[in-house]
Structures are given as C-alpha cells and as structure tokens.
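Residue numbers (this note's numbering), protein chains in the order written: chain A, 26 to 137; chain B, -5 to 110. What follows is one structure encoded as structure tokens, with my remarks underneath.
Structure below.
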C-alpha cells in the first residue's frame, strides 16, 4: 500500500535552476496539494487540485507551477530556484472533502 | 481568515511525565481539528482528529477534546516515552463547501523532546 509517494527525498539545486518534485498517490483521491514547511512557520499551502485538469493557488504560490493531467499525479515545478525556496515540501491527498488528508514523506530541497 | 496558535517550543520532559501542548484556533463555524506528528526525518502522520464540539480524539495514549466554548484542542498524554520525541502540529480544516473544505491551516509546530 504505497499511499502518497514523493520523489526525490533530497535535492540540492543551484540558484536559477529548474526542477520538478514528483507526487503520486494510488488511492484514487480527487484532492491533492503541496505544502512547504519552514522553521517556525508550520506548513503553508502552495497549490492544490480538486481533480484532473483543475488546479488553484494556495497561500504561497509564487515561483511554483503545477498541473494535474491524471488523478494519480500532481508534480510541483520550480521554474527558477531561489534560496528562499529552501524548504521541506509535502504532498498531500484526500478522497473528498471531509475525509482524512494523507501526507507524503516529504522532499528536502536546498537551493544554494 | 482561519488561524491556529499553538504553544511555543521546544518542550523537554522526562520520561513518564505528563504532556500538554496547547492549541487554540480562530475560524468561522465548526471546523474539523487535527493533531499531526512528525518524527525526526519523517513526514507528517495523522495522530488524532475531532470533527465536532465535545468530540475527543485519541490515539497511542494521546488525547484531545474539541472545546468550542474556548476554541481549543489541547493535546495531552499521561505518561510520555522517549519514542514520543517529535514535532507536533495542530491543524484545522474549515467547514466549507468546495475546495476550502480540503485545505488545512497549521500551527507552527511544537518540538517535544523526552529524556530518559
């Protein structure tokens, strides 16, 4: 039972590089989202999707791009990495409103 | 907007001590309330939840009661173990239609260290 799978777990980027954090779930969840976790800030919502082809911005969307071409996958793209994007990123999913939200194990990203 | 405030850490306790981590919230209506735990180097795991006033969530010896009158959801455990060392996050999900009902608002987290 894979649940929510994120890759890579660790990544170091140089300023200006682009990359994609992958997120996949095998639970047929319609809702998926990305959060970032920073010290003393808790988790903040970056982008979310309520189904294939539907995405929207969360609290801190700048510098990130998402798409949802399938129910299973919800990649997060960093277009031009900046040191301020050094963070731990969590993908989450839920079957529907009111159901438990499940989190992936996190992706530790460092931008130098 | 919605917000969650939890006690600042870090909290250091001796094994078998009593634990309380305070959490209060601001939200309209009756949100669902959650405690998530993050063990060192790992992702977030749902610890317990409560979906309506006076509900008590419990798991692994931890408990929290949804108090509408004080807008609180304090986490308690009667006897902590070294293995409980982790960061604990209080969170809420609004009672709303559409996309808003999927989203969590988190507190800043409280780091707990339990020493033998």
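The C-beta atom is built at its ideal place from N, Cα and C for all residues, glycine as well.
- Unbroken alpha helix (DSSP H) stretches of 4 residues or longer found wholly inside the stretch 78 to 108 of chain B: none.
- Judged by DSSP secondary structure, residue 81 (chain A) falls within the beta strand (DSSP E) whose first and last residues are 79 to 82.
- Looking at the DSSP output, residue 8 (chain B) shares a beta bridge with B:109.
- Distance check between residue 106 (chain A) and each of A:32, A:30, A:29, A:42 places A:42 closest, using alpha-carbon atoms only.
- Check the Cα spacing between residue 29 (chain B) and each of B:20, B:-1, B:69: the tightest is with B:69.
- Scanning its chain for C-beta atoms nearer than 7 Å, with the 5 sequence neighbours on each side dropped, one finds around residue -2 (chain B) the residues 17, 19, 84, 85, 86, 99, 100, 101, in chain order.
- Secondary structure at residue 76 (chain B): helix, using DSSP grouped into helix, strand and coil.
- In the three-state reduction of the DSSP assignment, residue 121 (chain A) falls in the coil class, being assigned neither a helical nor a strand state.
- Closest by C-alpha distance to residue 64 (chain B), out of B:48, B:40, B:1, is B:48.
- In this structure, residue 56 (chain A) sits near residue 96 (chain B), with a CB-CB distance shorter than 7 Å.
- Linking residue 44 (chain A) to residue 82 (chain A) through their CA atoms gives a straight-line distance of about 19 Å.
- Interface with chain A (7 Å Cβ-Cβ cutoff): residue 56 (chain B) is excluded.
- For residue 66 (chain A), the chain B residues whose Cβ falls inside 7 Å of its Cβ are 102, in order along the chain.
- Within the stretch 57 to 88 of chain B, 83 place their CB atoms closer than 7 Å to a CB of chain A, listed in sequence order.
- The alpha-carbon of residue 30 (chain A) is positioned some 14 Å away from that of residue 39 (chain B).
- Distance check between residue 67 (chain B) and each of B:81, B:56, B:35, B:3 places B:56 closest, using alpha-carbon atoms only.
- Under the 10 Å beta carbon count, residue 60 (chain B) is surrounded by 16 or more other beta carbons and is classified as buried.
- When beta bridges are read from the DSSP output, residue 72 (chain A) appears opposite A:59, A:82.
- The Cβ atoms of residue 89 (chain A) and residue 101 (chain A) lie closer than 7 Å to each other.
- Assignment of residue 0 (chain B) by DSSP, reduced to helix, strand and coil, places it in the strand class.
- Here residue 51 (chain B) is not near residue 81 (chain B), since their CB atoms are 7 Å or more apart.
- With a cutoff of 7 Å on beta-carbon distance, residue 13 (chain B) and residue 74 (chain B) are scored as near each other.
- By alpha-carbon distance to residue 59 (chain A), the top candidate from A:136, A:137, A:132 is A:132.
- In this structure, DSSP gives residue 42 (chain A) a state outside helix and strand, which the three-state scheme calls coil.
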